[in-house]
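For reference, the structure is listed below as structure tokens.
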């Protein structure tokens, strides 16, 4: 992914703006159009790389917005995908008749830890989010 290896000036490129616009709009679009739960996993898997701390901040924020919209559509699928990236606690079966689940995501910190932790804490309200504002085609982060 190009946006991982570039410098701070990348945020002013057409490619960066296109990625950000896509991430900002795709979650709400899917919810509005009534995306089926079976498609949620594919879309979420496509957006996972943008949760990396190596991505520019504005793309991480836009990806968080997308995942929050997808959590409304299919919270279980999103939760399982996030656990596959970073699983802060081992999943213990509620009864001995069930086997414990071992997820691929480890308990060790990685480049996705901070953003996955935010998403696993539950959906944020709009006032909790950093507001992303579009001004003359550039994405500006405001607080």
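In the UniProt record's numbering, the protein residues as written are 1 to 143. C-beta: ideal position from N, C-alpha, C; glycine also.
Residue i: first and last residue of the uninterrupted alpha helix (DSSP H) it sits in
i           : result
residue 27  : 14-33
residue 58  : 57-73
residue 120 : 113-120
Nearest-angstrom Cα separation, counted from residue j out to residue i
i          : j           : result
residue 9  : residue 59  : 14 Å
residue 74 : residue 27  : 12 Å
residue 49 : residue 97  : 36 Å
residue 76 : residue 119 : 12 Å
residue 34 : residue 22  : 18 Å
residue 78 : residue 109 : 19 Å
With 16 other Cβ atoms within 10 Å as the buried cut-off, status of residue i
i           : result
residue 12  : exposed
residue 7   : exposed
residue 107 : exposed
residue 88  : exposed
residue 56  : buried
residue 29  : exposed
residue 38  : exposed
residue 121 : exposed
Cut-off 6 Å between Cβ atoms - residues of its own chain near residue i, not counting five sequence neighbours on either side
i           : result
residue 51  : 63, 112, 115
residue 101 : 91
Chain-order list of residues whose beta-carbon lies under 7 Å from that of residue i (same chain, five-residue window excluded)
i          : result
residue 99 : 93
residue 66 : 23, 26, 27, 47
residue 41 : 77, 81
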